[in-house]
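Visitor:
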Amino acid sequence: MINRRKFLEGMVVVAGSFVGRRAWAQEGKPTLPAVISTWEYGQKANAVAWEILSKGGSSLDAVEKGINRAELDPENDSVGYGGLPNEDGEVTLDAVIMHGPPHAAGAVGCLKRIKPAISVARKVMEKTKHTFLVGEDATRFAVKMGFKEEDLLTEKAKKTWESWKADPKRNSYWSHDTIGMVAVDAKGDVTAGCSTSGLSFKVAGRVGDSPIIGSGAYCDNDIGGAAATGNGDVMMRFCPALVAVELMRQGKSPSEACAASLARISGKGYEAGGALVAISKKGDFGYARLRYADFPHAVRNAQMDEIRKGR
37 MINRRKFLEG MVVVAGSFVG RRAWAQEGKP TLPAVISTWE YGQKANAVAW EILSKGGSSL
97 DAVEKGINRA ELDPENDSVG YGGLPNEDGE VTLDAVIMHG PPHAAGAVGC LKRIKPAISV
157 ARKVMEKTKH TFLVGEDATR FAVKMGFKEE DLLTEKAKKT WESWKADPKR NSYWSHDTIG
217 MVAVDAKGDV TAGCSTSGLS FKVAGRVGDS PIIGSGAYCD NDIGGAAATG NGDVMMRFCP
277 ALVAVELMRQ GKSPSEACAA SLARISGKGY EAGGALVAIS KKGDFGYARL RYADFPHAVR
337 NAQMDEIRKG R
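Numbered according to my numbering, the sequence shown spans residues 37 to 347.
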């Protein structure tokens with residue numbers, strides 16, 4: 037008999053690919069446009085993105101609006117409004133968006149009182165010469181850009197935080213997820229993005245991997261893109277999204293590239309869990325998971341709209 041921890045530790049890197057399955061087996065090749073997202077709620081995010089992509093819209097608009105779908109959902113306790121707060125009971129958000137054609141990016145960290153963090157990140161990219169804004173200054177910038185300040189702490193999240201505060205073993209409760217999305221539009225242009233409320237009950241001021249270019253998300257318009265989820269404090273040390281894209285440049289499939297990128301983490305002795313999704317410029321999907329029992333993620337193109345369990 038082995039316990040759950042030993043079971044998860046034994047599941048190091050597992051990868052999968054969708055080329056040649058189902059409808060693609062008939063076509064013999066992937067199609068554009070296409071979008072891939074992390075976790076089950078990625079399917080609803082993909083639906084919003086697909087409304088834009090299927091009408092010839094840009095991958096930039098698709099990724100922003102698709103991720104907004106998760107950020108504005110009060111039932112999602114790991115992204116945007118409804119996200120679980122830091123140890124002081126305040127919700128802070130991190131996000132990055134990267135657009136392939138100009139190889140440009142914008143990011144925000146520890147953003148407060150603004151719901152659509154990915155949209156603020158886009159404004160940083162498009163309206164400034166900077167790349168990354170943080171904290172109260174990021175909030176002030178958002179207000180200047182026309183965003184509304186609002187309380188991000190829902191009653192549900194507040195009650196969860198209060199229960200955590202009352203638990204003497206509360207440190208063991210720290211957990212989180214993200215929404216990561218990569219899309220390629222009909223023109224072949226690539227955009228990648230990531231948004232999160234971060235590690236629940238984190239130390240105030242903590243910023244994870246999600247808004248870090250090359251860690252939470254990365255793309256190159258000549259190759260494709262990748263987005264990450266997992267233990268951000270460890271994953272940011274390895275820039276796994278960047279590495280995955282560069283391995284795709286060397287000829288690896290999206291899944292092979294994701295697996296090799298995550299293997300660098302376990303190869304250094306870290307027991308942290310994480311996962312990557314990736315898509316090539318041609319629309320090939322792929323993923324890999326590190327020490328996750330499974331990794332649900334959503335894929336969509338003209339032939340499929342599915343949640344893959346990633347076992």
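We treat Cβ as the ideally placed atom computed from N, Cα and C, and that holds for glycine.
Can you pull the DSSP bridge partners for Ile215?
Guide: Position 179 of the sequence shown, counted from the first residue, corresponds to residue 215. According to DSSP, which records beta bridges pairwise, Ile215 is partnered with Ser231.
Visitor: Measuring alpha carbon to alpha carbon, tell me which residue in Trp197, Leu129 and Val335 is nearest Arg242.
Guide: Reading the sequence shown from its first residue, position 206 is the one you call residue 242. It is Leu129.
Visitor: Smallest Cα separation from Gly319: which of Leu68, Gly250 and Leu189?
Guide: Position 283 of the sequence shown holds residue 319. The residue with the shortest Cα to Cα distance from Gly319 is Leu68.
Visitor: With DSSP as the reference, label Leu96 as helix, strand or coil.
Guide: Here the question's residue 96 lines up with position 60 in the sequence shown. Reduced to three states, the DSSP call for Leu96 is helix.
Visitor: My understanding is that Val127 touches Leu188, with C-beta atoms under 8 Å, so please give their C-beta distance in whole angstroms.
Guide: Position 91 of the sequence shown holds residue 127. Position 152 of the sequence shown holds residue 188. Indeed they touch by this definition, with Cβ atoms about 4 Å apart.
Visitor: Return yes when the Cβ of Arg325 is within less than 7 Å of the Cβ of Val50, no when it is not.
Guide: By 1-based counting over the sequence shown, the position of residue 50 is 14. By 1-based counting over the sequence shown, the position of residue 325 is 289. Yes, they are a contact pair.
Visitor: At what residue ranges does the stretch 235 to 271 contain a whole run of the beta strand (DSSP E), taking only runs of 3 or more?
Guide: You should have 253 to 256 and 260 to 266.
Visitor: Use the C-beta contact count for Ala240: other C-beta atoms within 10 angstroms, 16 or more gives buried, fewer gives exposed.
Guide: The count along the sequence shown starts at 1 and reaches residue 240 at position 204. When all chains shown are included, Ala240 counts as exposed.
Visitor: If you follow the alpha helix (DSSP H) that Val279 is part of, which residue opens it and which one closes it?
Guide: To locate residue 279, count along the sequence shown from 1; it is residue 243. Note, Val279: alpha helix (DSSP H), Pro276 to Arg285.
Visitor: In terms of DSSP beta bridges, what is Lys148 paired with?
Guide: By 1-based counting over the sequence shown, the position of residue 148 is 112. DSSP, once it has assigned bridges, lists Thr128 as partnering Lys148.
Visitor: Any idea what DSSP makes of His333, helix, strand or coil?
Guide: Position 297 of the sequence shown, counted from the first residue, corresponds to residue 333. Note: His333 maps to strand in three-state DSSP.
Visitor: Can you tell me where the beta strand (DSSP E) with Val170 in it begins and where it stops?
Guide: What you label residue 170 is simply residue 134 of the sequence shown in a count that begins at 1. Its beta strand (DSSP E) spans residues Phe168 to Val170.
Visitor: Could you check what DSSP says for Asp173 in three-state terms: helix, strand or coil?
Guide: In the sequence shown, counting from the first residue as 1, residue 173 sits at position 137. Looking at Asp173 - three-state DSSP - the assignment turns out to be helix.
Visitor: Taking buried to mean at least 16 other C-beta atoms within 10 Å of its own C-beta, is Pro276 buried or exposed?
Guide: To locate residue 276, count along the sequence shown from 1; it is residue 240. Classification of Pro276: buried, given that the 10 Å Cβ count is 16 or more.
Visitor: Do you know how far the Cα of Lys163 is from the Cα of Ala338?
Guide: Counting from one through the sequence shown, the residue named residue 338 turns up at place 302. Counting from one through the sequence shown, the residue named residue 163 turns up at place 127. When rounded, the distance between both Cα atoms is 33 Å.
Visitor: If contacts are defined as beta-carbon pairs under 8 Å, then Ser233 and Gly119 qualify, I think. What distance do you get, rounded to the angstrom?
Guide: Counted from its first residue, the sequence shown places residue 233 at position 197. Counted from its first residue, the sequence shown places residue 119 at position 83. About 2 Å; that satisfies the 8 Å criterion.
Visitor: So, under 8 Å CB-CB, Asp213 and Ser114 are touching, yes? Tell me the CB distance rounded to an integer number of Å.
Guide: Translated into positions along the sequence shown, residue 213 becomes position 177. Translated into positions along the sequence shown, residue 114 becomes position 78. With a Cβ gap of about 4 Å, Asp213 and Ser114 count as contacting.
Visitor: Can you give the beta carbon distance from Ile103 to Ile315, rounded, assuming they're within the 8 Å contact cut?
Guide: For this step, residue 103 is matched to residue 67 along the sequence shown. For this step, residue 315 is matched to residue 279 along the sequence shown. At roughly 15 Å, the Cβ-Cβ gap does not stay under 8 Å, so Ile103 and Ile315 are not in contact.
Visitor: Taking the alpha-carbon positions, what's the Ala263 to Ala253 distance?
Guide: Here residue 263 is taken as the residue at index 227 of the sequence shown, counted from 1. Here residue 253 is taken as the residue at index 217 of the sequence shown, counted from 1. Spanning the two alpha carbons is a distance of roughly 4 Å.
Visitor: Alpha carbon to alpha carbon, what distance is there between Cys146 and Ala202?
Guide: Counted from its first residue, the sequence shown places residue 202 at position 166. Counted from its first residue, the sequence shown places residue 146 at position 110. Answer to the nearest angstrom: the Cα atoms are 25 Å apart.
Visitor: If you draw a straight line from the C-alpha of Glu172 to the C-alpha of Gly287, how long is it?
Guide: Working through the sequence shown from its first residue, we reach residue 172 at position 136. Working through the sequence shown from its first residue, we reach residue 287 at position 251. One C-alpha to the other measures close to 43 Å.
Visitor: Just mark Lys159 as buried or exposed, buried being the case when its beta carbon has 16 or more other beta carbons within 10 Å.
Guide: For the purposes of this step, residue 159 is taken as residue 123 along the sequence shown, with counting starting at 1. Flag for Lys159 reads buried.
Visitor: Does DSSP put Met134 in a helix, a strand or coil?
Guide: Start at 1 with the first residue of the sequence shown, and residue 134 comes out as number 98. Strand, per DSSP.
Visitor: Is Gly322 helix, strand or coil by DSSP?
Guide: Working through the sequence shown from its first residue, we reach residue 322 at position 286. Correct three-state label for Gly322: strand.
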